[in-house]
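Residue numbers for the sequence shown follow this note's numbering, beginning at 30 and rising by one.
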Amino acid sequence: MLHYLKENFTNIFEDELIEEINQVGTLKEVKEGEKLIEIGDYVRSMPLLISGVIKILREDEDGDELLLYFLERGDTCAMTLTCCLGQTKSEIRAIAEIDTTLIMIPIQKMEEWTGKYKTWRNFVFQSYHARLTEMFETIDSIAFLKMDERLVKYLQNKQKVTNDSLINSTHQEIAYELHTSRVVVSRLLKKLESLGKIELYRNSIKIISL
Numbered sequence: 030m031l032h033y034l035k036e037n038f039t040n041i042f043e044d045e046l047i048e049e050i051n052q053v054g055t056l057k058e059v060k061e062g063e064k065l066i067e068i069g070d071y072v073r074s075m076p077l078l079i080s081g082v083i084k085i086l087r088e089d090e091d092g093d094e095l096l097l098y099f100l101e102r103g104d105t106c107a108m109t110l111t112c113c114l115g116q117t118k119s120e121i122r123a124i125a126e127i128d129t130t131l132i133m134i135p136i137q138k139m140e141e142w143t144g145k146y147k148t149w150r151n152f153v154f155q156s157y158h159a160r161l162t163e164m165f166e167t168i169d170s171i172a173f174l175k176m177d178e179r180l181v182k183y184l185q186n187k188q189k190v191t192n193d194s195l196i197n198s199t200h201q202e203i204a205y206e207l208h209t210s211r212v213v214v215s216r217l218l219k220k221l222e223s224l225g226k227i228e229l230y231r232n233s234i235k236i237i238s239l
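This is how it looks when you write it as structure tokens:
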């Protein structure tokens with residue numbers, strides 16, 4: 030695990046903190062589609078992403094999901110931090126977008142490191158800021174963009190975080206994450222295909238030019 034830490038966090042954390050993370054952290058492999066955190070769970074540890082992508086979702090009273098943001102290499106989740114520090118139940122669902130490797134940090138260490146290591150404190154504050162900015166972008170997208178614009182932005186974000194032009198998602202899965210209907214998503218995707226911007230396959234979408 031130490032080589033993962035040195036490869037990803039040498040320029041972020043001092044050597045002493047990296048050594049402590051190596052001593053108390055747990056390496057975890059999460060397969061594509063596997064849940065890392067479920068709504069209502071008590072969060073016992075905080076994830077540091079070594080590789081892969083995690084999508085963070087909220088759920089309304091009817092059980093419909095909304096994609097909040099993606100976590101990438103070197104990221105952690107502000108919502109997880111909040112739950113850890115407050116010892117409250119999770120209000121988000123975290124699912125691996127692709128195969129992902131993480132280091133799980135026990136919550137007992139979080140407050141200790143915040144006071145002990147300036148680099149850890151800065152990392153936590155920067156993570157809060159980054160996730161808050163991404164949630165504002167999600168809110169702005171819902172409030173100000175038409176559904177066809179939201180769909181294009183969604184596909185662009187998927188391509189960016191996975192570094193792959195092939196999006197392995199069904200129309201229904203996209204509809205859940207955009208909080209709309211499958212019929213609307215299918216109609217808009219067919220329109221994009223007719224414009225030569227994407228190609229539609231069974232359970233996947235290839236981005237040509239968005």
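Yeah, the Cβ is synthetic: ideal placement off N, Cα and C, and Gly gets one too.
- One Cα belongs to His158, the other to Met164, and the distance between them is close to 10 Å.
- Lys219 sits in a helix when the DSSP states are folded into three classes.
- From the listed residues Ile196, Glu202 and Thr130, the smallest Cα separation to Ile237 is found for Ile196.
- DSSP links Lys147 through a beta bridge to no other residue.
- The Cβ atoms of Met30 and Leu46 do not sit closer than 8 Å to each other.
- Glu228 is bridged by DSSP to Lys235.
- Glu126 sits away from Thr167, with the two beta carbons spaced by 8 Å or more.
- Taking 8 Å as the upper bound for CB-CB distance, Glu61 and Asp128 are in contact here, some 5 Å apart.
- DSSP, read as helix, strand or coil, puts Glu126 in coil.
- For Gly54 against Ile132, the beta-carbon gap comes to about 4 Å, under 8 Å, which counts as contact.
- Look at the beta carbons and you see the region 171–185 touching the region 209–219: at least three pairs across the two are nearer than 8 Å.
- Boundaries of the alpha helix (DSSP H) around Tyr183: Met176 to Thr191.
- Remark: C-beta atoms of His200 and Ser215 approach each other more closely than 8 Å.
- The beta carbon of Lys187 sits closer than 6 Å to those of Ile196, all from its chain and outside the five residues before and after it, given in chain order.
- Excluding five sequence positions before and after Ile227, the CB atoms of its chain that fall closer than 8 Å to its own CB belong to Leu184, Leu218, Leu221, Ile234, Lys235, Ile236, Ile237 and Leu239, given in chain order.
- The DSSP assignment places complete beta strand (DSSP E) segments of no fewer than 3 residues inside the region 60–119 at 64–66, 74–80, 83–88 and 94–100, in order along the chain.
- Per the coordinates, the alpha-carbon of Ile79 lies some 11 Å from the alpha-carbon of Lys35.
- When DSSP states are grouped into helix, strand and coil, Met139 belongs to the helix group.
- For Thr55, the three-state secondary structure derived from DSSP is strand.
- DSSP lists Thr55 and Pro76 as the beta-bridge partner residues of Met133.
- DSSP links Ile196 through a beta bridge to Ile234.
- Scanning Glu49, Leu95, Tyr33 and Thr39 for the CA closest to the CA of Glu141 turns up Glu49.
- A direct Cα-to-Cα measurement between Lys84 and Lys145 gives close to 30 Å.
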